[in-house]
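Working notes, beginning with the structure itself.
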Amino acid sequence: MWKKYAGIAVVVVILTVAAASVWVHTDEFTGEDLQRWNKEYQSVVAYGRELWVSAELGNNGVSCAQCHPNGANTHPETYPKFQQQLGKVVALRDMINWCLRNPLEGDPLELDSAEMIAIEAYLMTERKGVAIAPGKH
Amino acid sequence: MSSRSTISRRRFLKAAGMAAGAGLLPVSSVRLSFADEKKDFTFAYISDAHIQHIRGTKFVRNWDRGLIRAVAETNLMVPEPDFVMFGGDLAQLGTKPELDHGAEMLSKLKHKTYCVMGEHDYYLDLGEHWSKLFGPQYYSFDHKGVHFVVLNSILTFDEWTHERWPSAEQRMLEMAGLDNPNGSPFMVGEKQRDWLKQDLAAVPTTTPVVVFSHSPIQKIYKGWNFWTEDAEEVQALLKPYASATVLYGHVHQIQYNQIGNIAFQSVMATAWPWPYPESYAHAEMDWPVMTVPMNRADPFFERDATGWQTVDLMKGRTGLNYTLYNNTARTVKFCTKTGRPRDVSYQDESARIPPQMHY
């Protein structure tokens, strides 16, 4: 059974590679591609903003934006960094979950969830243009 | 209980209160000072409690604790404040449960308490329930030679207030989001400016005037409504006065500024701190450069970067003592030599500390 699926997978991969070599040059993309990719990204940013102002993300009606308008004072460019209160180096998403559990009295998000990625995308976009500074306090 | 133990208990409480006055408690007070020292006095200033209803009898615990603590500590002040000012945003979404719960907490203050209207108190029912609890939305009073004015500075355009939103609840939510682009700039409005003009007509220009507002009566950053649309018109009415001060809430942080003869000073929130606009990378703003910022907030201490203040009035000028729960207390007072407010410890660049750097 497993071998049968593996065999099919190998065939699919070979055909895909063959097709790609004929029809697609991966180093060429158009303005339309760029627009589409940006649109995809911006839709995730918009979802992140929606979560940021939502009274439903935690359990007490408090939203992230209540303390962090436009994501300010979250300093996404400084992560990973030594979070002195936790005594270790953490990622931005660890702090997002810390806020969810504490001021929002809610449940943490899965680290690879669509919600977590959207919130990170929103915060990074609000911080666009600021030099990355991992470890900064 | 014998009379002897009653006295020693009273002495103990007084001593405890004095220790508190020495900087252990988070309070902001204002003391006004006069040539005749007997006329100097102090009042307490609590602001931005943002009492937030969850459901039933549940309220957000964190914000409740901030207000409860400020009220308890104000009641311990020695010497006692002449009165207490509450600077607005008692509620988060202006509902009866929030305003009633907040009013009940404020009712524990043993002093005469005045209130300022905040946008979070107003935009659900346009101040109706708030007015039932606290009275007029703008008024003035005199105390020991100082003329105090309270303004409702969080009004906005009639079209935004009356025509734009399908429900009162949505209108409240749109104004409650600080960074919401659907919000609308705050203003005092023509009607109140006319009233202020009449009110001040009877006040000699040598009388110190202190204005309480919720919004800053300055234009700092429009994106977060650290802004009053008709600020210049209101400032013009204060211009003839030798000593004019505007004390405001809303911004949840230490700010101070001097525009002409008018000193501006903000107060802390009891609920939560806000970032300085300069830390929002995309903000275009006109920042009062003389401000030494409060310390950056440590979220792991939920009362950090919140507090209340006592205000000393000395010779009609204000000195704000910020009582901060997890930081060293700050004092910003009017300096007659420079003619502007000045932090007594940190004003010089060389005196600043790393937590005061915001980015």
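Sequence order for the protein chains is W and Z. Take 21 as the starting number for the first sequence in this note's numbering and just add one per residue. Take 8 as the starting number for the second sequence in this note's numbering and just add one per residue. C-beta: ideal position from N, C-alpha, C; glycine also. Just so you know, these numbers come straight off a predicted model, no measurement behind them.
Give the DSSP-derived three-state secondary structure of residue i in the structure shown.
i, result
"W/Phe49", "coil"
"Z/Met292", "coil"
"Z/Asp149", "strand"
"Z/Gln363", "helix"
"W/Ser74", "coil"
"Z/Ala312", "coil"
"Z/Leu31", "Its pLDDT being 48, under 50, Z/Leu31 is placed unreliably in this model, and the coordinates cannot settle the point."
"Z/Ile266", "strand"
"Z/Gln177", "helix"
"Z/Trp234", "strand"
"Z/Asn328", "strand"
"Z/Arg62", "strand"
"W/Ser63", "helix"
"Z/Pro348", "strand"
If I'm right that residue i touches residue j with Cβ under 8 Å, what's the distance once you round it to whole angstroms?
i, j, result
"Z/Tyr146", "Z/Trp315", "About 22 Å separates the two Cβ atoms, so there is no contact after all."
"Z/Ile61", "Z/Met112", "Going by Cβ atoms, the distance from Z/Ile61 to Z/Met112 rounds to 16 Å, so no, they are not a contact pair."
"Z/Thr120", "Z/Val91", "5 Å"
"Z/Tyr255", "Z/His365", "So it is not a contact: roughly 20 Å between Cβ atoms."
"Z/Ser160", "Z/Val210", "Not confirmed; about 19 Å, so no contact."
"W/Ile152", "W/Trp72", "Wrong, their Cβ atoms sit about 21 Å apart, outside the cutoff."
"Z/Val218", "Z/Val37", "Their Cβ separation, rounded to whole angstroms, is 13 Å, which puts Z/Val218 and Z/Val37 out of contact at 8 Å."
"Z/His57", "Z/Ala243", "With 8 Å as the limit, Z/His57 and Z/Ala243 do not qualify as a contact, their Cβ atoms being about 32 Å apart."
May I have the straight-line CA-CA distance separating residue i from residue j, to the nearest angstrom?
i, j, result
"Z/Val78", "Z/Pro280", "18 Å"
"Z/Val296", "Z/Ile266", "12 Å"
"Z/Asn264", "Z/Lys65", "39 Å"
"Z/Gly101", "W/Leu54", "45 Å"
"Z/Glu236", "Z/Thr168", "15 Å"
"W/Leu120", "W/Asp114", "10 Å"
"Z/Pro173", "Z/Pro306", "37 Å"
"W/Ala141", "W/Gly68", "7 Å"
"W/Gln105", "Z/Thr330", "23 Å"
"Z/Glu181", "Z/Phe93", "24 Å"
"Z/Gln59", "W/Ala75", "11 Å"
"W/Val150", "Z/Ala288", "7 Å"
"Z/Lys198", "Z/Asn302", "39 Å"
"W/Asp47", "Z/Ile261", "53 Å"
"Z/Trp70", "Z/Lys103", "17 Å"
Cα-Cα, which of the options is closest to residue i?
i, options, result
"Z/Leu327", "Z/Val299, Z/His118, Z/Gly184 and Z/Val274", "Z/Val274"
"Z/Ser220", "Z/Tyr248, Z/Pro247 and Z/Val258", "Z/Val258"
"Z/Asn268", "Z/Gly323, Z/Pro300 and Z/Ser286", "Z/Gly323"
"W/Met144", "W/Ala92, W/Asp114, W/Asp132 and W/Leu131", "W/Ala92"
"W/Met136", "W/Asn117, W/Arg147 and W/Lys148", "W/Asn117"
"Z/Phe193", "Z/Leu158, Z/Tyr287 and Z/Thr214", "Z/Leu158"
"Z/His150", "Z/Gly109, Z/Ser286, Z/Asp237 and Z/Val216", "Z/Val216"
"Z/Pro348", "Z/Val299, Z/Glu166 and Z/Ala278", "Z/Val299"
"W/Gly155", "W/Thr98, W/Gln104 and W/Lys148", "W/Thr98"
"Z/Asn189", "Z/His154, Z/Val218 and Z/Phe164", "Z/Phe164"
"Z/Gly95", "Z/Gly73, Z/Val123 and Z/Ala110", "Z/Val123"
"Z/Pro86", "Z/Asp71, Z/Asp47 and Z/Arg68", "Z/Asp47"
"Z/Lys204", "Z/Glu240, Z/Tyr130 and Z/Trp234", "Z/Glu240"
"Z/Ala73", "Z/Met84, Z/Ala98, Z/Gly63 and Z/Pro88", "It is worth fixing the name first, because residue 73 of chain Z is Gly in this sequence and not Ala. Looking at the Cα atoms, Z/Ala98 is the closest of the given residues."
"Z/Thr335", "Z/Glu356, Z/His154, Z/Phe155 and Z/Ile360", "Z/Ile360"
"W/Gln86", "Z/Ser286, Z/Gly184 and Z/Gly63", "Z/Gly184"
Less than 7 Å between C-beta atoms, sequence neighbours within five positions excluded: which residues of the same chain meet that for residue i?
i, result
"Z/Asp293", "Lys226 and Ile227"
"Z/Ala238", "Ile224, Gln225 and Lys226"
"Z/Ala304", "Pro280, Asp311 and Ala312"
"Z/Gly230", "Asp186 and Ala290"
"W/Asn80", "Leu124 and Glu125"
"Z/Leu31", "In this prediction, Z/Leu31 scores a pLDDT of 48, lower than 50, which makes its location untrustworthy; no coordinate-derived value is stated."
"Z/Gln144", "Met124, Gly134, Ser138 and Asn159"
Can you list, in chain order, the residues of its chain with a C-beta nearer than 8 Å to that of residue i? Leave out the 5 residues immediately preceding and following it.
i, result
"Z/Asp132", "Gly101 and Ala175"
"Z/Thr212", "Pro247, Tyr248 and Ala249"
"Z/Arg11", "Because the pLDDT at Z/Arg11 is just 38, under 50, the model does not fix this residue reliably, and the value given afterwards should be weighed accordingly. Closer than 8 Å at Cβ, skipping near neighbours: no residue."
"W/Lys101", "Val109, Val110, Pro154, Gly155, Lys156 and His157"
Enumerate in chain order the residues of its own chain whose CB-to-CB distance from residue i is below 6 Å, with the five nearest sequence positions on each side excluded.
i, result
"Z/Lys117", "Asn82"
"Z/Val67", "Gln59"
"Z/Gly28", "Only weak support is given to the placement of Z/Gly28: the predicted model assigns it a pLDDT of 43, under 50, and the value that follows is read from those uncertain coordinates. Answer for Z/Gly28: Val85, listed in chain order."
CB of residue i to nearest heavy atom of the ligand MG: below 8 Å?
i, result
"W/Asn117", "In the structure on display, the ligand MG does not appear, and there are no ligands present to speak of."
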